[in-house]
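A.B. asks: First, the structure itself, so that you have it in front of you.
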Amino acid sequence: MLEVITGAMEGGKTWLLYKRISDAKLMGKKVQVFAYPVHDGHVVSRVGFKSKAITVPTVAEIESQLAPDVDLAAIDDAQLFDKNDLSNFCNRYRCKFDILIAGLQLNCFGENFGAMVELMGRAENVTVLLGVCEHCKQQKALVSQRYRDREHTIPITKDDPKIELRKEFYAPVCWDCFRPPI
Numbered sequence: 221m222l223e224v225i226t227g228a229m230e231g232g233k234t235w236l237l238y239k240r241i242s243d244a245k246l247m248g249k250k251v252q253v254f255a256y257p258v259h260d261g262h263v264v265s266r267v268g269f270k271s272k273a274i275t276v277p278t279v280a281e282i283e284s285q286l287a288p289d290v291d292l293a294a295i296d297d298a299q300l301f302d303k304n305d306l307s308n309f310c311n312r313y314r315c316k317f318d319i320l321i322a323g324l325q326l327n328c329f330g331e332n333f334g335a336m337v338e339l340m341g342r343a344e345n346v347t348v349l350l351g352v353c354e355h356c357k358q359q360k361a362l363v364s365q366r367y368r369d370r371e372h373t374i375p376i377t378k379d380d381p382k383i384e385l386r387k388e389f390y391a392p393v394c395w396d397c398f399r400p401p402i
């Protein structure tokens, strides 16, 4: 089975991932958690839940570290992995064990991010979580706006790189408040 948890930053994706991991462990399942190397060996939610994770930069490394008896492979920040590799991984293993994917649905340009949208279309279960918009304070944020400043007043331009891993330059915004890069 393939399950996808997605939405904007600060929407609760990692918290829900942690809950699913905890539930699987309570049911006696063998769980492995993988994360892109922006983590320090743990997946941590904004509310403080923490789970040990194997940090890997590629899907091939996830495959090489899979335990033969794994029941659930959970992958956080899945949008950062190679789109084709992650898609192929899910196709290859979804009938052998459960796969739980968490990641941003859209990048800071408002475009599909990595394999997330494709995997949403193939998943048995999809949860889309909305964050609280940085500007209007409504719980309808789906995009992570990227800014050039920490005060979140100057949006990036189209010439800026698509990924900047320093999270202080991002904020969750709704479509009404999103200012597309010019």
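Counting from 1 along the sequence shown, just add 220 to a position and that's the residue number in the numbering used here. Positions of the beta carbon are idealized from the N, C-alpha and C atoms, including for glycine.
(1) Tell me whether R240 is buried or exposed, calling it buried when 16 or more other Cβ atoms sit within 10 Å of its Cβ.
(2) Using the Cβ count rule (16 or more neighbours within 10 Å means buried), how would you classify Q299?
(3) Going by DSSP in three states, W235 sits in which element: helix, strand or coil?
(4) Pull up the distance between the alpha-carbon of V393 and that of V363, whole angstroms please.
(5) Whole angstroms are fine: how far does the CA of I319 sit from the CA of Q252?
(6) Hey, could you find the ends of the beta strand (DSSP E) I402 is sitting in?
(7) Considering only their Cβ atoms, is the gap separating V348 from Q325 smaller than 8 Å?
(8) How many Å lie between G231 and I225 at the Cα?
(9) Where A372 and D297 are concerned, what is the direct C-alpha to C-alpha distance, given to the nearest angstrom?
(10) Looking at the structure shown, is I295 part of a helix, part of a strand, or coil, going by DSSP?
(11) Alpha carbon to alpha carbon, how far is P257 from A273?
(12) Can you tell me which residues form a DSSP beta bridge with R366?
(13) Could you pull the DSSP bridge partners for L326 from this structure?
(14) Within 10 angstroms of the Cβ of A343, are there 16 or more other Cβ atoms? Answer buried if so, exposed if not.
(15) Can you tell me the Cα-Cα spacing of K378 and V337, whole angstroms?
(16) Might you give, ordered along the chain, the residues of its own chain that have their beta carbon closer than 8 Å to the beta carbon of E354, omitting 5 neighbours on each side?
C.D. replies: Reading off the structure:
(1) Translated into positions along the sequence shown, residue 240 becomes position 20. That one is buried.
(2) Reading the sequence shown from its first residue, position 79 is the one you call residue 299. With 16 or more other Cβ atoms within 10 Å, it is buried.
(3) Within the sequence shown, numbered from 1, the residue matching residue 235 stands at position 15. Shown here, W235 sits in a helix according to DSSP, grouped into three states.
(4) Position 173 of the sequence shown, counted from the first residue, corresponds to residue 393. Position 143 of the sequence shown, counted from the first residue, corresponds to residue 363. Using only the alpha carbons, I get a separation of about 5 Å.
(5) The residue labelled residue 252 in the question sits at position 32 within the sequence shown. The residue labelled residue 319 in the question sits at position 99 within the sequence shown. So the two alpha carbons sit approximately 10 Å from each other.
(6) The sequence position of residue 402 within the sequence shown is 182, counting from 1. Looking at the DSSP string, I402 is not in any beta strand (DSSP E), and its letter there is neither H nor E.
(7) Position 105 of the sequence shown, counted from the first residue, corresponds to residue 325. Position 128 of the sequence shown, counted from the first residue, corresponds to residue 348. Annotated as proximal: Q325 and V348, with beta-carbon spacing under 8 Å.
(8) Residue numbering aside, residue 231 sits at position 11 when the sequence shown is read from its first letter. Residue numbering aside, residue 225 sits at position 5 when the sequence shown is read from its first letter. Their Cα atoms are separated by approximately 10 Å.
(9) Translated into the one-based positions of the sequence shown, residue 372 becomes position 152. Translated into the one-based positions of the sequence shown, residue 297 becomes position 77. In the sequence on display, residue 372 carries His and not Ala. Those two C-alpha atoms are separated by around 22 Å.
(10) In the sequence shown, counting from the first residue as 1, residue 295 sits at position 75. Three-state result, I295: strand.
(11) Stepping through the sequence shown from its first residue, residue 257 is reached at position 37. Stepping through the sequence shown from its first residue, residue 273 is reached at position 53. Approximately 10 Å between the Cα atoms of the pair.
(12) By one-based count along the sequence shown, residue 366 stands at place 146. Bridge partners of R366: Y390.
(13) For the purposes of this step, residue 326 is taken as the residue at position 106 of the sequence shown. Paired residue(s): N332.
(14) As a first step, residue 343 must be located in the sequence shown, where it is residue number 123. Around the CB of A343, 16 or more other CB atoms lie within 10 Å, so the residue is classed as buried.
(15) Working through the sequence shown from its first residue, we reach residue 378 at position 158. Working through the sequence shown from its first residue, we reach residue 337 at position 117. In this structure, the CA atom of K378 is about 22 Å from the CA atom of V337.
(16) Against the sequence shown, residue 354 aligns to sequence position 134. Hits under 8 Å: A361, Q365, H372, A391, P392, V393 and C397.
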